[in-house]
Structures are given as structure tokens and as C-alpha cells.
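J.: Following this message is one structure expressed as C-alpha cells.
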Amino acid sequence: MSATLLDGKGLAARLREELRGEVETFTSQTGVTPHLVVVLVGEDPASQVYVRNKEKACVAAGVKSTLYRLSSETSQNELLDLIAKLNTDQDVHGILVQLPLPKQIEEQAVLDSVSPLKDVDAFHPENVGLLVQGRPRFLPCTPAGCMQLIAEVCPNTSGMHAVVLGRSEIVGKPMGLLLIQRGADATVTTCHSRTRNLQEITRQADILIAAIGKANFVTAEMVKPGAIVIDVGINRVDGKLVGDVDFTPVSQIASAITPVPGGVGPMTIANLLKNALTAARLQTF
Ligand code: GUN
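Quick note on numbering: UniProt numbering labels position 146 of the sequence shown as 146, and the sequence is numbered without any gaps.
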């Protein structure tokens, strides 16, 4: 391996520690403890692990966390009723509805129903709009984590060619927006399942971000020597977690690469805590 390993676990721990101090200051100045509510519908095993990790991180940072566990049979109206109640509860600052939701529930309707001031995921259309306009209220947690990891090895991305694989609302689209924001100033190409000549494009990437959800999809032939490779994928293969990047061969070619696990995942949680504090600030007068 010749690439620098981008240690998300370590960086996230430092960010969480910083945040713990900020939360402490905020709470001592205002008497308010930031409170995040996580809503988990159904029994998805991966979601259960994510939610547990989010709760642990909250407690360690001094953020109050409440988990609502709803059955997989929950109707859309029941979920919307709960969110409406949380929206008006002054003791609740952040609301996170863990995705995916069971199939009887329309995801977008639920995300649209969360108060934009409590939308710590930054999935509400108002927050997406603010991000598009370059004046974000909350930064989307996973893309923000990718930017922080890139900054570890490349503080100036101006004019670099970033290629984003994937066009999801959670990662691919907002990732491209953060990379073209003033200050980051990268040139962005977003690729997806209909992209032609994919390898030709990925080989031009100074920064390659894989967020497609296909195990080991990015092979060494797709990577330009010296590229920074950020792997957002979390795939289970034979009980083992692997990313979207074929790690061992790509790490011989890249200049820096994130591992899975221990790369982007922990950064998502650190940014969620940051957004919970931002939400509490926005709602504390
Ligand atoms: N499921 C997978 N990633 C996420 C995320 O970032 N937020 C939420 N709410 N659900 C997810």
C-alpha cells in the first residue's frame, strides 16, 4: 500500500471531542441541552447498528438522545403524527428519521414533514435549496464528512477535477454541491448507472468519490495514479463489510484512500452531532 490512509475514525473522534466542548459551553451559557430524536421504523439490521452508534456518540458529546422505535407495520399517517408532535415539542431540537423506511411509507412525504429547523440530516427541500444556493443551514452529514477527509490531505481543491459516482439525494447530489461551493471550487462530474465510458471519466479524477452501493466496483484501472479516493459504500459480502472500492489494488495507485469500515462512516456521525448543536442554537433565543 502506498496511499495515505484517511483515518475517519481518528478524525471523527477529534471532531466529537471538539464538539463535546462546544456543547458544554452552549449548555452552561443557555441552560439548554441539545436534544436529538431518532426515529427508527422496522427492524432493518444495518439501521439498528447505525442508530445505536448515533445514540452512543450523542451521549459522549453531551447531546441528549431519544430513540423512538416503531414497528415495521407503522402507517405513514402514524409516522407523520409523531413527527408533527416532535416538530412542536420545544424540548426537541433535532429529528432524524432513519432510512430506509418500510415500503408502505413514502419517504419523501416523511422527510418533507420534518421542521426545516430540526432537520439535522439536511434532507428537507428548504435545506436542500439553501445548500444549492450556497448558503446552507445544515451541511449534509456524509458529504460534509467526505470534505473533511479530503481536507486532511488536500487543503486546496480549487480547480481540481472531482468525479462523484452516484446521484443519490443523501450523498451523490449534495456531494457535488459541496465540491463546487465557493471555497472548495472543484470541477465536478457526477456519474451514474447510465453514464457512458465510465472508466474514461473516472481516470480523469483528481478526487474520486464512490457512493453507488456496489461492493468493490471501483477497480485499479478506473483510478488515476495519485488520486484521492473516498469510499462511501458500506456493503456486506460474506458477513464482512466492504466498500465500493476494491481497496487493496486501488491503494497501490491512489495517493490517499479511506478504509471501510473506519473511513467515511464515523465522520457522518460526527457531523450529525454538529448539526444537533446547530439546531439547538437556531431554536434557543
Ligand atoms: N440511512 C443511511 N444513511 C442515512 C443518513 O445519513 N440519514 C438517515 N436518516 N438515514 C440514513
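Yeah, the Cβ is synthetic: ideal placement off N, Cα and C, and Gly gets one too.
1) Grab the span of the beta strand (DSSP E) containing G94 for me, first residue to last.
2) List, from N- to C-terminal side, the beta strand (DSSP E) runs of 3 residues or more that fit wholly inside the stretch 195-237.
3) What's the gap between the Cα of A279 and the Cα of T66?
4) The beta strand (DSSP E) spanning R20 covers which residue range?
5) Cβ atoms of S113 and I150: under 7 angstroms apart, would you say?
6) With burial defined as no fewer than 16 other Cβ atoms inside 10 Å of the residue's Cβ, what is the status of D231: buried or exposed?
7) List the whole-angstrom C-beta distance separating G145 from V264, where the pair is believed to meet the contact cut-off of C-beta under 8 angstroms.
8) Measuring from the CB of Q98, is there a heavy atom of the ligand GUN at a distance below 6 angstroms?
9) Out of F285, L5, R20 and R203, point me to the one whose CA is closest to N275's CA.
10) For R281, name the three-state secondary structure that DSSP assigns.
11) Taking the alpha-carbon positions, what's the D246 to A227 distance?
T.: Well, looking at it:
1) Where G94 is concerned, the enclosing beta strand (DSSP E) stretches over G94 to V97.
2) Annotation: the stretch 195-237 contains the following complete segments of the beta strand (DSSP E) (minimum length 3 residues), in chain order: 207-210, 228-231 and 235-237.
3) CA-CA distance, A279 to T66, rounds to 15 angstroms.
4) Residue range G8 to T30 is occupied by the alpha helix (DSSP H) that includes R20, with no beta strand (DSSP E) assigned at that position.
5) For I150 and S113, no; Cβs fall outside 7 angstroms.
6) Buried, by the Cβ-count rule.
7) Contact between G145 and V264 holds, since their C-beta atoms are separated by about 6 angstroms, short of 8 angstroms.
8) For the ligand GUN, at least one heavy atom lies less than 6 angstroms from the Cβ of Q98.
9) Answer by Cα proximity: R20.
10) Of the three classes helix, strand and coil, the one that applies to R281 here is helix, per DSSP.
11) Note on geometry: alpha-carbon atoms of D246 and A227 lie some 14 angstroms from one another.
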